[in-house]
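Structure, as structure tokens:
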Amino acid sequence: MIRPLLPRYGLAPDAPLSRLCHSENETWAAGDVVFRLHREGYHAAGEIAAELAWLAALRDHPGVASVRPVPDRAGRVLQHSGGRHVVAFRRLAGRVLAADEDLGRWFPELGAVAARLHAHARRWSRPAGFRRKRWDAAALFGPAAIWGDWGAAPGLDAAGRAVLARLVDDLDRRLAAWGGGDDRFGLIHADLRLANLMTDGAGLTVIDFDDCGFGWWLFDFAAAVSFIEDDPRLPALADGWARGYRRVAPLGAAEVAMLPVMVLARRLQLTAWLASRAGNDTAAALGGAGFTARTVALAEGYLARGPARIWS
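All residue numbers for the sequence shown refer to the UniProt record's numbering, where the first residue is 1 and numbers rise by one.
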């Protein structure tokens, strides 16, 4: 589905084409162009156009380096091939962040980047018809959650299901109390995990806005610690992220106290995602039932100690 598009970008029809990854979407590379082959049925064309509109608006925003779409020779940025949506991006130098490196170095910078993204989203006049998914509690872990049913997670037994059901009740209550006013909820990246952060050694570039939508501002921290929620470094990472955020925008004690709630909400979302995306590279690497068991253990610790002490 990608190869027929290559000439539109000045690439030879027989240019080497390699698959970089298969997670929510498939990512392919040819020359200096990276192609995102969208998951079938996940985003409508209008939703993708909205993502691209935000990327265009961010292009010259100070302090936020982000991936840049590449138009074809006719000036189009959204393609269709084999019934799938395709978007091309300029290939970036550098590497993605990894869990086994010194993340303490990067999380203050990531907090500052998140604050700048949020500041831009608050001020930006979105174009008419702008439509993206809404990442509220129902969408994250409700009965009809966008990424599937956490109750179908591999290896989840009756006891574990009961623990996670208690977690859902707790999260529902706390998030409802937190509210969804403009001071707490707005347009976010929603997937600022390590694999979507590239560095050339000097700074961070944010890639993959595919899940951007309307959610709690603090959820961008939870996304940043995706898959490493039980890492012992988490208190230090949260502290570093908060310090970086405060270099750009206010972040009070009440917001910091909500970070563990957001982390558990994200972990539950990822547990559902694991069940519904079992065939892709990222899900396969997570260990299935082992990931589910660690989710249950996290939930047990959270429910026993409360969000204020979960990392103590």
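From the three backbone atoms N, C-alpha and C, an ideal C-beta is built for every residue, glycine too.
Residue i: first and last residue of the uninterrupted alpha helix (DSSP H) it sits in
i	result
R174	A158 to W178
W106	L103 to R123
residue 326	Examination of residue 326 is not possible in this model, given that the chain is present from 1 through 312 alone.
F291	A289 to R305
E40	Premise fails: E40 is in no alpha helix (DSSP H) and is neither H nor E.
Residues bridged to residue i (per DSSP)
i	result
R19	W28
I228	Answer is none; I228 lacks a bridge partner.
H80	H85
S276	Paired residues: none, contrary to the question.
F185	W216
M198	V96 and T205
A65	T205
L6	Bridge partners of L6: none, in fact.
W135	G215
R91	Partner(s): none; R91 has no beta bridge.
CB contact check: residue i to chain B, cutoff 9 Å
i	result
S276	Reference to chain B is not applicable here, since this structure consists of a single protein chain.
Residues near residue i in its chain [Cβ-Cβ closer than 7 Å; skip 5 each side]
i	result
A242	G111, L251 and V256
W106	L97 and L204
V296	G160, V163 and L164
G31	L11 and A15
N196	V206, I207 and D208
S276	W147 and G148
R294	D230
Neighbourhood of residue i by C-beta distance below 8 Å, restricted to the same chain and skipping five residues each side
i	result
A144	A138
H120	A57, L58, H61 and V64
L274	A153, P154, A283, L286, G288, F291 and T292
T27	R19, L20, C21, V34, F35, R36 and L37
G104	R233, A236, L237 and G240
L167	L264, L268, A299, Y302 and L303
G82	M1
A49	L78
A109	Checking the displayed sequence, the identity of residue 109 turns out to be Glu instead of Ala. Same-chain partners within the cutoff: G203, L204 and G244.
L55	S66, V67, R68, P69 and F209
L17	I2, R3, L6, W28, A29 and A30
Close-in-space but distant-in-sequence residues of the same chain around residue i (CB under 6 Å, 5 per side omitted)
i	result
F221	W241 and L259
P235	W311
L192	D220, A223 and A224
V77	L52, P69 and P71
F130	A50
V248	A112, A115 and R116
With 16 other Cβ atoms within 10 Å as the buried cut-off, status of residue i
i	result
R90	exposed
G10	exposed
D231	exposed
E101	exposed
R19	exposed
S125	exposed
G41	exposed
P127	exposed
R122	exposed
D14	exposed
A305	According to the sequence displayed, residue 305 carries Arg and not Ala. The residue in question, R305, is exposed, as its Cβ has fewer than 16 Cβ neighbours within 10 Å.
residue 332	Absent from the model: residue 332. The displayed extent of the chain is 1 to 312, so no value can be given.
A254	exposed
A45	exposed
D182	exposed
A265	buried
D157	exposed
Q134	According to the sequence provided, residue 134 is Arg. The question's Gln does not apply to it. Counting Cβ neighbours within 10 Å, R134 comes out exposed, since fewer than 16 surround it.
P307	buried
G244	buried
H80	exposed
A190	buried
N-terminal and C-terminal residue of the beta strand (DSSP E) that residue i is part of
i	result
R36	V33 to L37
Whole-angstrom C-beta distance between residue j and residue i, which should lie under 8 Å
i	j	result
I188	W147	About 16 Å separates the two Cβ atoms, so there is no contact after all.
A93	P69	Their Cβ separation, rounded to whole angstroms, is 17 Å, which puts A93 and P69 out of contact at 8 Å.
R132	F214	6 Å
L270	F227	7 Å
V67	I207	4 Å
R3	R73	Actually they are not in contact, since the Cβ atoms of R3 and R73 sit about 16 Å apart, beyond 8 Å.
F141	A272	7 Å
D136	G180	7 Å
Heavy atom of the ligand GTP within 8 Å of residue i beta-carbon
i	result
G240	The ligand GTP is not among the ligands present in this structure, which contains no ligands whatsoever.
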